[in-house]
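The structure under discussion appears below in the form of structure tokens.
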Amino acid sequence: MTQELTEIEFKKTFGNGMTDITETEIDEPIDIWNYVKKLTENQIVNRIVYEKELVEKVYRNDLKTFDHILLPTEKQNLFLTIVVDLEKKEIFGHKILDLNMEYGTE
Numbered sequence: 573m574t575q576e577l578t579e580i581e582f583k584k585t586f587g588n589g590m591t592d593i594t595e596t597e598i599d600e601p602i603d604i605w606n607y608v609k610k611l612t613e614n615q616i617v618n619r620i621v622y623e624k625e626l627v628e629k630v631y632r633n634d635l636k637t638f639d640h641i642l643l644p645t646e647k648q649n650l651f652l653t654i655v656v657d658l659e660k661k662e663i664f665g666h667k668i669l670d671l672n673m674e675y676g677t678e
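Start counting the sequence shown at 573; every next residue gets the next number (our numbering).
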């Protein structure tokens, strides 16, 4: 089962800020790919992203309680964000993140 997060649920996972940890080796990473497979089957994630396990960026909040794993989409600055609860060691849910709308970037 997958869980699309509301805007409020998503924002609560940011803490007071996010740090790019894309290049950091994670000791016990949570496997997101079964979850991504379900999103692919529901046509939320592009099959290529799933098959090649493509990740654009990974961010961790300042409290070290949530990671945001950004998966690429076909549109620039639009990402499918998988939110991982680090305390429960499970996927919390997902949210479409549109940086163009959020921050006015193009």
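Note that CB positions come from ideal geometry on N, CA and C, so glycine has one too. Computed from a prediction, not measured in an experiment: that's the story for all the values here.
Pull up the distance between the alpha-carbon of residue i and that of residue j, whole angstroms please.
| i | j | result |
| --- | --- | --- |
| residue 636 | residue 591 | 10 Å |
| residue 660 | residue 672 | 31 Å |
Please name the residue in the options whose C-alpha comes closest to that of residue i.
| i | options | result |
| --- | --- | --- |
| residue 686 | 632, 651, 668 | Nothing about residue 686 can be reported from this structure: the residues present for the chain run from 573 to 678 only. |
| residue 573 | 599, 608, 639 | 608 |
| residue 674 | 651, 639, 600 | 651 |
| residue 588 | 669, 656, 638 | 638 |
| residue 585 | 669, 670, 615, 655 | 655 |
| residue 663 | 601, 649, 628 | 601 |
| residue 575 | 649, 618, 614, 619 | 614 |
Output needed for residue i: all residues of its chain with C-beta closer than 6 Å, excluding positions within five of it in sequence on either side, in chain order.
| i | result |
| --- | --- |
| residue 667 | 577, 582, 653 |
| residue 647 | none |
| residue 669 | 651, 653 |
Taking 8 Å as the limit between beta carbons, can you name the residues of its chain near residue i, skipping five residues before and five after?
| i | result |
| --- | --- |
| residue 605 | 622, 625 |
Can you tell me where the beta strand (DSSP E) with residue i in it begins and where it stops?
| i | result |
| --- | --- |
| residue 643 | 638-644 |
Identify, in the order they occur along the chain, each residue of the same chain with its Cβ nearer than 7 Å to the Cβ of residue i, setting aside the five sequence neighbours on each side.
| i | result |
| --- | --- |
| residue 644 | 621, 626, 628, 651 |
From which residue to which residue does the alpha helix (DSSP H) around residue i run?
| i | result |
| --- | --- |
| residue 579 | 579-584 |
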